[in-house]
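Using the numbering used here, read the sequence shown as starting at 3 and increasing by one per residue. Every residue, glycine too, gets a C-beta built ideally from N, C-alpha and C. None of these values were measured; they are calculated from a predicted model. What follows is one structure encoded as structure tokens, with my remarks underneath.
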Amino acid sequence: MKAIPYFDEILDGIKPMNPVEMKEYKGNDISEFRKIETDMMTQEIICYSADKIDKIVTMKSTILGGKLIVWATNIVPSDEYDLPIFSSELVQGSHISLRVDLIPTADCGRDINYLKKYVEPIQPLWEKYKDIEGMCLERYLWFRVMLSPFYTCGKFKYEQEGIEDKCLEITKDYLNLYVKFWQEAEKQNSEYMKSLVERKRKMFETLRENDPGGGPLKKALGEEKAEIILSLLF
Numbered sequence: 003m004k005a006i007p008y009f010d011e012i013l014d015g016i017k018p019m020n021p022v023e024m025k026e027y028k029g030n031d032i033s034e035f036r037k038i039e040t041d042m043m044t045q046e047i048i049c050y051s052a053d054k055i056d057k058i059v060t061m062k063s064t065i066l067g068g069k070l071i072v073w074a075t076n077i078v079p080s081d082e083y084d085l086p087i088f089s090s091e092l093v094q095g096s097h098i099s100l101r102v103d104l105i106p107t108a109d110c111g112r113d114i115n116y117l118k119k120y121v122e123p124i125q126p127l128w129e130k131y132k133d134i135e136g137m138c139l140e141r142y143l144w145f146r147v148m149l150s151p152f153y154t155c156g157k158f159k160y161e162q163e164g165i166e167d168k169c170l171e172i173t174k175d176y177l178n179l180y181v182k183f184w185q186e187a188e189k190q191n192s193e194y195m196k197s198l199v200e201r202k203r204k205m206f207e208t209l210r211e212n213d214p215g216g217g218p219l220k221k222a223l224g225e226e227k228a229e230i231i232l233s234l235l236f
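As structure tokens, this is what we get:
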């Protein structure tokens, strides 16, 4: 298993946002979650604030002494902006798994302008990488229905030359597009934003309830800390 500079690439990608590390989120002290160690896992979470953004959450879970490593980043827009949600996960275990998307906050079947603005520009990235051996569909149907049509998901063998670097490249390409959207984003009409904010709230509720990592988190850290971590991520 090769060491990968996931955090370095994410932090480099969000530099234009001028992120500031958060010690509190919604009045709660989150500094203790910067690093938590138990017999089962080491959990590292760093959150950032930025203009137009509610939170940037980066996470690394090192499980069973490094036999399984989970890297993840979520970038959630403020409620005044129609930006999608950047979502990235990279898992190193018996194989390497990749998930990355810019999740729409609007119902694109009804909001064609949103589709053209935020979803169509993802297509060239998806087409660039879709034929790599190991690319696959998202296994969880409840999650798949939230995603863009150009969500990238894959399970790869370590024998594939340079696959770790390729996974980082894909992640960074999606992140760079997100930052471009962020740079161009403007505040939206509050009436228009109502349905987007509600969709975002319901998606996060579903993610907190169904995320497959919730069980292991509760087992390793206890229910209270696990619930706080899930609420930070989603």
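Open item on the list: Using 7 Å as the threshold, is the C-beta distance between L232 and A108 below it?
Closed with: no
Task: DSSP-derived helix/strand/coil call for R101 - done: strand
Task: Outcome for T40 when other beta-carbon atoms lying within 10 angstroms are tallied against a minimum of 16 - done: exposed
Task: Straight-line Cα distance separating S192 from I165 - done: 43 Å
TODO: Put Y176 into one of helix, strand or coil per three-state DSSP.
DONE: helix
TODO: Starting from D31, follow its DSSP beta bridges and name the residues at the other end.
DONE: E26
TODO: Enumerate in chain order the residues of its own chain whose CB-to-CB distance from V78 is below 6 Å, with the five nearest sequence positions on each side excluded.
DONE: D56, K57 and I87
- [ ] Measure the Cβ-Cβ separation of V59 and L235 and say whether it is below 7 Å.
- [x] yes
Task: Chain-order list of residues whose beta-carbon lies under 7 Å from that of T208 (same chain, five-residue window excluded) - done: W144
- [ ] Name the two residues that bound the continuous beta strand (DSSP E) containing N76.
- [x] L70 to P79
Open item on the list: According to DSSP, is S96 part of a helix, a strand, or is it coil?
Closed with: coil
Task: Span separating the alpha-carbon of V93 from that of M195 - done: 34 Å
Open item on the list: For S115 and E171, I'd like the C-alpha separation in whole angstroms.
Closed with: Correcting the residue type first, residue 115 is Asn in the shown sequence and not Ser. The alpha-carbon atoms of N115 and E171 are separated by roughly 29 Å.
Open item on the list: Within 10 Å of its beta-carbon, does S89 have 16 or more other beta-carbons around it, so buried, or fewer, so exposed?
Closed with: buried
TODO: For the alpha helix (DSSP H) holding K202, just list the boundary residues, first then last.
DONE: S192 to N212
- [ ] May I ask you to report which of helix, strand or coil DSSP gives D167?
- [x] helix
- [ ] Between the Cα of F35 and those of K62, C138, L66 and D213, spot the shortest distance and give me the residue it belongs to.
- [x] K62
Open item on the list: Between T75, C155, L117 and E46, which has its C-alpha nearest E135's C-alpha?
Closed with: C155
Open item on the list: If distances are taken between C-alpha atoms only, which option among K25, E26, K119 and T173 comes closest to P7?
Closed with: T173
Task: I249 to D10 span [Cα, whole Å] - done: There is no way to answer for residue 249, as the model of the chain reaches only from 3 to 236.
- [ ] May I ask you to report which of helix, strand or coil DSSP gives A52?
- [x] strand
Task: Extent of the continuous alpha helix (DSSP H) run through K227 - done: E225 to L235
Task: Element boundaries [beta strand (DSSP E), containing K157] - done: T154 to F158
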